[in-house]
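S.K.: Numbering (the working numbering), first residue to last: 1398 to 1733.
1) Is the separation between the beta-carbon of residue 1580 and that of residue 1555 shorter than 9 Å?
2) Which residue spans inside the segment 1445 to 1503 form an unbroken alpha helix (DSSP H) run of at least 4?
3) Should residue 1679 be labelled buried (16 or more other beta-carbon atoms within 10 Å of its own) or exposed?
4) Can you grab the Cα-Cα spacing for the pair residue 1616 / residue 1524, in whole Å?
5) Among 1563, 1668 and 1684, which one has its Cα closest to the Cα of residue 1599?
6) Could you check whether residue 1659 and residue 1592 sit closer than 9 Å to each other, using their CB atoms as the reference points?
7) Nearest-angstrom Cα distance between residue 1611 and residue 1569?
8) Have a look at the DSSP bridge pairing and note the partners of residue 1649.
9) Under three-state DSSP, which class holds residue 1431?
10) Does the segment 1490 to 1506 come within contact of the segment 1464 to 1474, defined as at least 3 CB pairs closer than 8 Å?
11) Apart from the five residues just before and just after residue 1572, which ones in its own chain have a Cβ nearer than 8 Å to its Cβ?
12) Are there 16 or more other CB atoms within 10 angstroms of the CB of residue 1662, so buried, or fewer, so exposed?
13) Would you kindly report the start and end of the unbroken alpha helix (DSSP H) that includes residue 1616?
14) On the DSSP letters alone, give me the boundaries of the alpha helix (DSSP H) that residue 1636 sits inside.
15) When you compare only the Cα positions, how much space is there between residue 1405 and residue 1501?
16) Output the distance between the C-alpha atoms of residue 1484 and residue 1602, rounded to the nearest integer angstrom.
17) Just to confirm, are residue 1559 and residue 1551 a CB contact at a threshold of 9 Å?
18) Here's the rule: buried if 16 or more other CB atoms are within 10 angstroms of the residue's CB, otherwise exposed. What is residue 1647?
19) Give the list of continuous alpha helix (DSSP H) stretches no shorter than 4 residues that lie fully inside the segment 1647 to 1690.
20) Taking Cβ positions, are residue 1417 and residue 1456 nearer each other than 9 Å?
21) Return the chain-ordered list of same chain residues with a C-beta closer than 6 Å to the C-beta of residue 1489, the five sequence neighbours on each side being excluded.
22) With a 10 Å radius around its C-beta and 16 neighbouring C-beta atoms as the bar for buried, classify residue 1664 as buried or exposed.
23) Return the first residue and the last residue of the alpha helix (DSSP H) that residue 1557 is part of.
24) How many angstroms separate the CA atom of residue 1586 from the CA atom of residue 1463?
25) Please identify the residue among 1672, 1641, 1513 and 1608 whose C-alpha is closest to the C-alpha of residue 1424.
26) Just the C-alpha distance for residue 1450 and residue 1444, rounded to the nearest angstrom, thanks.
27) Of the residues 1656, 1638, 1561 and 1671, which one's Cα is nearest the Cα of residue 1605?
28) Can you tell me which of 1634, 1521 and 1437 puts its alpha carbon nearest to the alpha carbon of residue 1574?
29) Going by DSSP in three states, residue 1570 sits in which element: helix, strand or coil?
30) What did DSSP end up calling residue 1520 once you bin it into helix, strand or coil?
31) When the Cα of residue 1577 is compared with those of 1590, 1491, 1588 and 1563, which residue comes out closest?
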């Protein structure tokens, strides 16, 4: 059923995410000179490196979309499933982003970050070489700019949404204003050494989210506006929670000695409210997705026809069976 399909997808995605995080941690561990012995660091570096090269090979062979599989040994890396290709792209961007943040914070040496950039460089070069035209054509520069500027597409999309209707910024039933709360939480977690600003922001916003859930489930006084902006809001909330718990060591604010524990519980409580309200508002879209899945994966069988077998045609004035008398009469007519 749909629930089994959804749970299976969630389990597979969780397993992929766990593998991705484990290999990233293994790569980071191998990059620390004094943390482990050399004979342990080398296998960790090889395992994580093979995983990263595999993703680069899949993207290099499978992009652009609709490309035929190569005839050489590279065909084993080719896939026609666009959803799988999109997942590889998202995981590659996540690897590059996390490694870049580690490098900015000084937790990963730059000479370990540069090889990871090949995960983006190789697919980009592969796509450029397959584009028609001269090597320095305008079309190739546009493709390169779109690939390199893909992280800015989110900012452009939000700016266009706000420019088209500025009133959405003060409409609590719209996901746009909540998205900007998540965006504001990221620099507060990133650059502010005190927990006070981000905890106040999360506390106030959590109250708004809780009231929204009460209205959505019980009172029904507000007409909530569904849309994909809620999914963007949820993803940015996950990013803010990640930055707060893994990329920042708060040194001031509430409970200085236990600030990490406080940030952990408050951030994940806020994240749970964000996800709950997003799914609640977009529940109709989820049901629509279920019906689409049901239609796409439904099985139909056509049974045998219940109509009787048609009798063979008969000619008027004749009989399909001729008795002995009939044969005799026919002979008499022939003699005459």
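We treat Cβ as the ideally placed atom computed from N, Cα and C, and that holds for glycine. Here the structure is a predicted model, which means the values were calculated and not measured.
M.R.: With the given structure in hand:
1) yes
2) Whole alpha helix (DSSP H) segments, 4+ residues: 1479 to 1501.
3) buried
4) 53 Å
5) 1668
6) With a cutoff of 9 Å on beta-carbon distance, residue 1592 and residue 1659 are scored as near each other.
7) Linking residue 1611 to residue 1569 through their CA atoms gives a straight-line distance of about 14 Å.
8) For residue 1649, the beta-bridge partners assigned by DSSP are 1591.
9) In the displayed model, residue 1431 falls within coil according to three-state DSSP, outside both helix and strand.
10) no
11) Apart from the 5 residues on each side of it in sequence, residue 1572 sits with its Cβ closer than 8 Å to the Cβ of 1622, 1624, 1626, 1627, 1629, 1630, 1675 and 1678 in its chain, given in chain order.
12) Counting every other CB atom within 10 Å of its CB across the protein chains shown gives residue 1662 a total below 16, marking it as exposed.
13) Run containing residue 1616: none; DSSP gives neither H nor E here.
14) 1626 to 1643
15) 37 Å
16) 31 Å
17) no
18) buried
19) 1656 to 1678
20) With contacts defined as CB atoms closer than 9 Å, residue 1417 and residue 1456 fail to qualify as a contacting pair.
21) 1452 and 1516
22) buried
23) 1550 to 1561
24) 41 Å
25) 1513
26) 10 Å
27) 1671
28) 1634
29) coil
30) helix
31) 1563
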